[in-house]
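Numbered according to the numbering used here, the sequence shown spans residues 1180 to 1968.
Glycine is no exception: its CB is placed at the ideal position from the N, C-alpha and C atoms.
Since we're looking at a predicted model, the values are computed, not measured.
Read through the structure below, which is laid out as structure tokens, and then see the notes.
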Amino acid sequence: IPALQITSSTLRAGLEGAVYADTLRATGGVGGFVWIVSAGALPAGVTLATDGVLSGTPTVAGTANVTVQVTSGAQSATRSLSLTVAPSLAVTTTTLAEGIVGQPYTDTLRAIGTSGSANWGVLSGALPAGLTLLSSGVLSGTPTTASTSNFTVQVTSGSQTASRALSATVVPALAITTLTLPNGTIGIAYAQTLAVVGGTGTYAWSVTTGALPTGLTLSGAGAITGTPSLVANFPFTIRVTSGSQIADRAFTVLISAADAASVEITPPSGSVEQGDSLQLVAAAKDAGGVVIPGRTIVWTSLTGGVASVSSTGKVRGLTLGNAAIVATTNGAGGIPVSDTAVIAVTPIPVDSVEVVPGAASLLIGESQPFTTVLRGRSGTVLTGRTVNWTTSDAGIAAVDANTGVVTSGVAGSAVITAISEGKSGTASVLVSRGLILTQVAGGDRHSCGLTEANLVFCWGRNLEGQLGDSTLTDRLSPVRVKGSTPFTSVSSGFLHNCALTSTGDAWCWGSNSAGRLGDGTVVNRLTPVLVSGGVTFASITAGGTHTCGLTAAGAAYCWGLGLSGQLGDNSVVSKSAPALVAGGFTFTSLAAGGNHTCGLAVGGAAYCWGLNSFGQVGDSTSGAGTNRIVPTAVKGGLTFTQISAASAHTCGIATNGQSYCWGSNGSNPLTAGRLGDGTTAAQRTGPTLVAGGVQFTRIFAGGVHSCARTAAALVYCWGQNDSGALGDGTFVTRTSPVQVFGGETWDVAAIGNFHTCGIRDLGRTFCWGQNSQGAIGDRTVANRDRPVA
């Protein structure tokens, strides 16, 4: 018997939803066959008959893998087969995008069940005018007519075709057809409805930029209504939305005021002081007397020489007299309407009287002219007014009633009064007996002193203008420092001097090398100049090349040469205006030396900075490379009540009552001794006890010597004495303190580079020492080894 075998190797493909039939084949066996599906499952809707016929209608697209078995007699055979059911072709697009007349359009048709390429076409009906359907299924073009078109499209893919009825709607383009809006008038009702075409017939309105005139609103129906309340030009943009379309249009509406029938100025008349201003207000009114807001008013003065008027109605008095001020606006038909106000310009009354100077110090028999600054209520300076002068005591200070020139009589104080139009101002005058000094200061070959009348006198060397008398002439007796500024203290440096006023202003004069006068320049000054920077000081100290000041709060400032760090501002740069000392210390006193500075902090700790060639900083170092540019603590742990800095050494009185000095002790053993420690050692780099066991309350370090004053007012000196600076009646250098000749008590003492001065007997001043250029002030150039008046 032949072997049984299935000869069918492939099955015909089916189509979803279409009737399917195929027959299985086999050979061999005994001649009769029975077929079954032995594994897997046929596509849904398809069955296998026992005679090998596959038939039915597939309901689901896809590929089914099955194993079929045939039986013939005792034999059977199997084969695995695949039956593929292709999907049925169908158009899936059900709606099309809305088109707009005149705007490019595109949409793409879609189908399922395609095998390979698909070809599209219009089966029946007509597309909207201007549109075409490409074979790829793209519907495109530019619609030309608004309408709704019904048509049927067909797609062909392989042997299949499918179709669908569709509709395409083309609407008109959206546009606001209102091109302009009418202008409005303030206070009069306004109504205007915007017109629109296109879109779907449903519209939403809004303002996108700018703003409608104040008082108007835009409704949802596109109506602009309301009553304008503000005169102005209003630009804005209106937007309408319909479906997917948006249309904008820009408009400008001018809101104007009603015609003016009259103008009214408030006040209709009045007065203004010369140089002052008066604000007028004008209102435009309609025929009913109602104020028309926002109207432009033009102001003019018919008497411009008497008073001017601004564009806003502010009248300014120029000269005495009456001025006619006119306010004008446009009325009906452009004809101007106006009103006139009459304004009288009157003199400005005196409100305050300031006497200049406000204080003056005079010697008996001197004269001082006083002037006034008269001001009105607004601070305007007035001129041409009558001023009368009076004095509280004509015997002390007589004043010319008309000119204000004061002439001093006897010693005392008086008040000078200036009166104008019932207002008054005063100045104080202090008349002193003569050269009665309350303070004395010594510099390099010159001296200065402060009188009881707060005047400064200087004498001696004047090469740099340090005497302040506006000359460069040496003076062998005191000359008055120029200016009427009263001072409360004076300090002398090597070639310059500085003084303070009662308000803390600092003034300096003399050499200005490296800016030591602090006026922002390096120009020598023959008379006092104000220190710049606006800092007020409680004390001031003039050194060899620089100056320092201490504020009431304890802040230290220095200015002048900074090459050795003597300014203490963490630099070696010179400054011509006050520079804050670094470190944030609060000092109670300062002392400026030749090229170094020292200060006492709260609590009495001593700090020094600047040149340290001889150990004058007192930090146990000396020589090259040891200069200090910021405050450096003096070694030894001592606290001090007073400190004094000289050319190259420093001295101080400790809180234990002992006196100490450090730095240079003299240039050689024959001249050494300025430290007063009983030796001729060249230098000391830290505080060294002054010999002799005398306790002092004040100590003064000079150029080549030192002096000190006891609680009993006795003065002792030590150091180089070849010019008589120690005042002990000899020219012998001393290494420890010796008492000044005569055993007198001294109210005040001061020390210069090579000389010494003191005050006793109620203001009598004495000096001694080097006198080659008149530093002693006794009208000679002879050195003095003991005090001379």
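- Three or more beta-carbon pairs drawn from the stretch 1523 to 1530 and the stretch 1445 to 1454 are found closer than 8 Å, and the two stretches are therefore classed as touching.
- For residue 1371, DSSP records a beta bridge to 1403.
- In this structure the stretch 1658 to 1672 touches the stretch 1613 to 1628; the number of beta carbon pairs closer than 8 Å is three or more.
- In this structure, the straight-line span from the alpha carbon of residue 1254 to that of residue 1266 is close to 38 Å.
- Cβ atoms of residue 1925 and residue 1965 stay farther apart than 8 Å, at about 13 Å.
- Between the stretch 1619 to 1633 and the stretch 1952 to 1963 there are three or more inter-stretch CB-CB distances shorter than 8 Å, so the stretches are counted as touching.
- With contacts defined by Cβ atoms closer than 8 Å, residue 1476 and residue 1519 do not form a contacting pair.
- The stretch 1729 to 1774 is shown to contain whole beta strand (DSSP E) runs of 3 or more residues at 1735 to 1739, 1754 to 1759 and 1766 to 1771, in chain order.
- Judged by pairs of C-beta atoms under 8 Å, the stretch 1878 to 1893 touches the stretch 1830 to 1845, as three or more such pairs exist.
- Put simply, the stretch 1325 to 1338 does not touch the stretch 1355 to 1362. Fewer than three CB pairs are less than 8 Å apart.
- Measuring C-alpha to C-alpha distances from residue 1268 to each of 1260, 1599 and 1194 identifies 1194 as the nearest.
- The beta strand (DSSP E) runs of length 3 or more contained entirely in the stretch 1482 to 1565 are, from start to end of the chain, 1486 to 1488, 1493 to 1496, 1500 to 1509, 1515 to 1525, 1531 to 1535, 1538 to 1542, 1546 to 1548 and 1550 to 1554.
- Annotation: the continuous beta strand (DSSP E) that includes residue 1707 extends over 1704 to 1709.
- Each residue's CA atom was taken as its position, placing residue 1604 and residue 1570 some 12 Å apart.
- At least 8 Å separates the beta-carbon of residue 1781 from that of residue 1789.
- By the neighbour-count criterion, in which a residue is buried when 16 or more other Cβ atoms sit within 10 angstroms of its Cβ, residue 1396 is exposed.
- Counting only residues of its own chain and dropping the five nearest sequence neighbours on each side, residue 1351 has a CB closer than 8 Å to the CB of 1279, 1280, 1325, 1376, 1377 and 1378.
- With 16 or more other Cβ atoms from the protein chains shown falling within 10 Å of its own Cβ, residue 1794 counts as buried.
- Take the alpha-carbon of residue 1837 and the one of residue 1775: they are about 23 Å apart.
- For residue 1464, the enclosing beta strand (DSSP E) has its first and last residue at 1460 to 1464.
- Taking the Cα of residue 1421 as reference, the smallest distance to any Cα among 1382, 1481 and 1496 is reached at 1382.
- DSSP, read as helix, strand or coil, puts residue 1951 in coil.
- When DSSP states are grouped into helix, strand and coil, residue 1961 belongs to the coil group.
- Boundaries of the beta strand (DSSP E) harbouring residue 1215: 1213 to 1219, taken from the DSSP string.
- Spatial neighbours of residue 1599 in its own chain (CB-CB distance under 6 Å, excluding positions within 5 residues in sequence) are listed in chain order as 1529, 1532, 1553, 1564 and 1566.
- Selection 1402, 1368 and 1431 evaluated against residue 1374 yields 1402 as nearest (Cα-Cα).
- When the five nearest sequence neighbours on each side are left out, the beta carbons in the same chain lying within less than 7 Å of the beta carbon of residue 1690 are those of 1643, 1645, 1674, 1675 and 1703, in order along the chain.
- Taking a C-beta distance under 8 Å as the contact criterion, residue 1329 and residue 1341 do not qualify as a contact pair.
- Cα atoms of residue 1849 and residue 1694: separation of roughly 36 Å, rounded to the nearest angstrom.
- With contacts defined as CB atoms closer than 8 Å, residue 1464 and residue 1441 qualify as a contacting pair.
- The stretch 1234 to 1249 makes contact with the stretch 1181 to 1195, as at least three CB pairs between them are under 8 Å.
- For residue 1315, the number of other beta carbons within 10 angstroms of its own is below 16, and it is reported as exposed.
- Take residue 1551, set aside five residues on each side of it, and the residues of its chain with a beta-carbon closer than 8 Å to its own are 1532, 1533, 1534, 1535, 1566, 1583, 1597, 1599 and 1604, in chain order.
- Straight through space, the alpha carbons of residue 1715 and residue 1685 are spaced by roughly 7 Å.
- Residue 1694 carries a helical assignment under DSSP once its states are collapsed to helix, strand and coil.
- Of the residues 1832, 1824 and 1687, the one whose Cα lies closest to the Cα of residue 1818 is 1832.
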